Amino acid sequence: INESNLLVSETALVTIVDTDSFQVWDTASGTLFRCRVGRPEFTPPELQGQSFARVNREPAQDHFGIGTLVFQLLMEGTHPFAGVYHGPGEAPVYADRIAGGHFPHVARASVPYTPMPAGPRFNWLHPVLQDLFVRCFCDGHTDPALRPDAVSWRYGIEEAEASLVSCQDNAQHIFSNHLTGCPWCERRQLLGGRDPFPSAEAVQRGEHLKPAPRRRRPAVAASRPPATHWSAVFNPARSTGPAPPQPRPIPASRSRAPTRPPLSPAQVDALQQAFGALRRNEWAGAAFALAVLGLVLTLSPVRAVTAVIALLGILTGLVGEYKAGDWQCAGRGRGLSRAAIVVGAIDLVILSLL
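Written out as structure tokens, the structure reads:
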């Protein structure tokens, strides 16, 4: 995945360019045309440092890139592995952070990073989206199959979209209703009064064009506060002041709940096949099991049953060989299917000699 190759128009029309760098499976010839390029920022940990010309990519590896892209879209362009480094020496590059699984938005002793202080906070995201990102970058670091696919991201984003409310001070401030206050008002204060989503009135007054006010330095340098371990950033002291005002819900006429009809079971199955993990070739395993069982039973008195099992092993192996040519299996199970056919034939030869 390369974010520069995804073009989005004002009407939400998405165009993908540079498609000659896709990995393509040719079912007719059984050839896999590999993708020889990649962006380190979107490359999963298991492929970091490897030669892409020698790698057969799987959907679970693209799921890492999808999660990274979604994170940047929701977090004002902040990369999921961007953070303030608190370890020795120079800060590692993104490739090393990804390889080490250093996702800074989950407090772990092995992660020497804290989130970017000027970036949006992770807990501003809807809890469902937080869980999907943890699955993608934490759980998926050791088990790529746990990374959410595109269908999971769609349903998660739609659930988060249905939970949006607007700020009572600025209708342009839209956020999740699990928060007790407006995060964009808080962010406006952090940015020195520059509103990331100014109201229509502020735009008419031209306030969004004014430079941010400079902070005056005190005449006498203040004493430096005592050093604090970086992990304490994840556990800030709770404020004892009055709670922020509750957000005003969006009226029904302005609701951002999805209005599209739900996907049909056939559409969901098609999406899962396109973006989910490659299918296993169950026929190959079943064929080999039948063939081996027939070989074990060749010395038993029930020769007729043994012959039927051997024939079933051969026929199932032929089906497994056919299924291996499907793009969803990508050749999986071809060797096991051929072995089942050979073993089944040996079973029949042994039975004919007894």
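In terms of this note's numbering, the sequence shown opens at residue 792 and continues consecutively.
Virtual Cβ for every residue (Gly too), placed ideally from N, Cα, C.
Keep in mind it's a predicted model, so treat the numbers as computed, not measured.
Problem - Helix, strand or coil at residue 971 according to DSSP, with G and I counted as helix - result: Per DSSP, reduced to three states, the secondary structure at residue 971 is coil, with no helix or strand assignment.
Handout entry: Distance between beta carbons of residue 876 and residue 904, contact taken as under 8 Å
Key = About 6 Å separates the two Cβ atoms, so the contact holds.
Exercise for the section: Along the beta strand (DSSP E) that carries residue 798, what are the first and last residues, could you check? Expected result: From DSSP, the beta strand (DSSP E) with residue 798 extends over 797 to 799.
Handout entry: Spatial distance of residue 955 from residue 962 (CA atoms)
Key = Straight-line measurement puts the Cα of residue 962 at about 12 Å from the Cα of residue 955.
Practice task
Evaluate contact between the region 1123 to 1143 and the region 1080 to 1098, counting only Cβ atoms and requiring at least three cross-stretch pairs below 8 Å.
Solution key: Touching, yes, given that three or more Cβ pairs across the two stretches are closer than 8 Å.
Handout entry: Where residue 1128 falls: helix, strand or coil (DSSP)
Key = Residue state, collapsed to three classes: helix.
Problem - CA-to-CA distance, residue 1091 to residue 1107, given in whole angstroms - result: Approximately 23 Å between the Cα atoms of the pair.
Exercise for the section: In the DSSP assignment, find the beta strand (DSSP E) that holds residue 807 and state where it starts and stops. Expected result: Residue range 805 to 807 is occupied by the beta strand (DSSP E) that includes residue 807.
Practice task
Go to residue 824, then tell me how far its beta strand (DSSP E) extends in each direction, as first and last residue.
Solution key: Counting along the chain, the beta strand (DSSP E) containing residue 824 begins and ends at 822 to 824.
Problem - Where residue 810 sits in the DSSP three-state scheme - result: In this structure, residue 810 counts as helix in the three-state DSSP scheme.
Problem - Meets three-Cβ-pair contact criterion under 8 Å: the region 815 to 826 and the region 852 to 872 - result: At 8 Å Cβ cutoff, the stretches do not touch.
Exercise for the section: Report all residues from its chain with a CB closer than 8 Å to the CB of residue 1093; omit the five preceding and five following residues, and keep chain order. Expected result: Closer than 8 Å at Cβ, skipping near neighbours: no residue.
Exercise for the section: Give a yes or no on whether 9 Å exceeds the smallest Cβ distance from residue 1102 to chain D. Expected result: Included in the structure is just one protein chain, with no chain D present.
Practice task
Pull up the DSSP beta-bridge partners for residue 955, would you.
Solution key: Paired residues: 967.
Problem - Pairwise C-alpha distance: residue 1134 and residue 808 - result: If you take the alpha carbons of residue 808 and residue 1134, they lie about 48 Å apart.
Problem - Rounded straight-line distance, which links the Cα of residue 816 to that of residue 910 - result: Going from the Cα of residue 910 to the Cα of residue 816 covers about 40 Å.
Practice task
Using 10 angstroms around the beta-carbon of residue 978, count the other beta-carbons present and answer buried if the total reaches 16, otherwise exposed.
Solution key: With 16 or more other CB atoms across the displayed protein chains lying within 10 angstroms of its CB, residue 978 is buried.
Practice task
Quick one: grab the DSSP three-state call for residue 815.
Solution key: Secondary structure of residue 815 (DSSP, three-state): strand.
Handout entry: Inter-residue spacing [alpha-carbon to alpha-carbon] between residue 1110 and residue 872
Key = CA-CA distance, residue 1110 to residue 872, rounds to 45 Å.
Exercise for the section: Could you give the DSSP three-state label for residue 1049: helix, strand or coil? Expected result: Reliability of the predicted coordinates at residue 1049 is poor, the pLDDT of 44 falling under 50, and the value obtained from them is presented with this limitation in mind. Under the three-state reduction of DSSP, residue 1049 is assigned to coil, being neither helix nor strand.
Problem - Per-residue burial, residue 766 [other beta carbons within 10 Å of its own, 16 or more giving buried] - result: Residue numbering for the chain in the displayed model covers 792 to 1145; residue 766 lies beyond these limits and cannot be assessed.
Exercise for the section: Would you identify the three-state DSSP class for residue 1110, choosing helix, strand or coil? Expected result: Note: residue 1110 maps to helix in three-state DSSP.
Handout entry: Rounded distance between the beta-carbons of residue 937 and residue 926, thought under 8 Å
Key = About 5 Å separates the Cβ atoms of residue 926 and residue 937, confirming a contact at the 8 Å cut-off.
Exercise for the section: Consult DSSP for residue 905 and reduce its assignment to one of helix, strand or coil. Expected result: In the three-state reduction of the DSSP assignment, residue 905 falls in the strand class.
Practice task
Consult DSSP for residue 875 and reduce its assignment to one of helix, strand or coil.
Solution key: In the structure shown, residue 875 falls within a strand segment according to DSSP collapsed to helix, strand and coil.
Problem - Same chain, Cβ closer than 8 Å to residue 843, five either side skipped, listed in chain order - result: Cβ neighbours of residue 843 beyond the five flanking positions: 825, 826, 827, 828, 829.
Practice task
State buried or exposed for residue 934, treating a residue as buried only when at least 16 other CB atoms are found within 10 Å of its CB.
Solution key: The residue is exposed, with fewer than 16 neighbouring Cβ atoms inside 10 Å.
Exercise for the section: Just tell me which of 932, 793, 866 has its CA closest to the CA of residue 837. Expected result: Of 932, 793, 866, the smallest CA-CA separation from residue 837 is found for 932.
Handout entry: Alpha-carbon to alpha-carbon, residue 960 and residue 1050
Key = Low per-residue confidence applies at residue 1050: pLDDT is 46, beneath 50, and the placement is therefore not dependable enough to give any value.
Practice task
State the DSSP-derived secondary structure class of residue 1019, mapped to helix, strand or coil.
Solution key: In this prediction, residue 1019 has a pLDDT of 46, which is less than 50 and means its spatial position is unreliable; what the coordinates show is noted afterwards. Three-state DSSP puts residue 1019 in coil, outside helix and strand.
Practice task
Taking residue 850 as part of the alpha helix (DSSP H), name the residues at either end of that continuous run.
Solution key: Residues 850 to 865.
Exercise for the section: To the nearest angstrom, report how far apart residue 795 and residue 848 are at their CA atoms. Expected result: One alpha carbon belongs to residue 795, the other to residue 848, and they sit about 21 Å apart.
Problem - Nearest to residue 854 (by Cα), restricted to the options 943, 913, 1131, 1088 - result: The residue with the shortest Cα to Cα distance from residue 854 is 943.
Practice task
Measure the Cβ-Cβ separation of residue 868 and residue 893 and say whether it is below 9 Å.
Solution key: Taking C-beta atoms as the reference points, residue 868 and residue 893 fail to come closer than 9 Å.
Practice task
Use the C-beta contact count for residue 799: other C-beta atoms within 10 angstroms, 16 or more gives buried, fewer gives exposed.
Solution key: So residue 799 counts as exposed.
Handout entry: Member of 804, 846, 922 whose CA lies at the smallest distance from the CA of residue 813
Key = When each option's Cα is compared against that of residue 813, the closest is 846.
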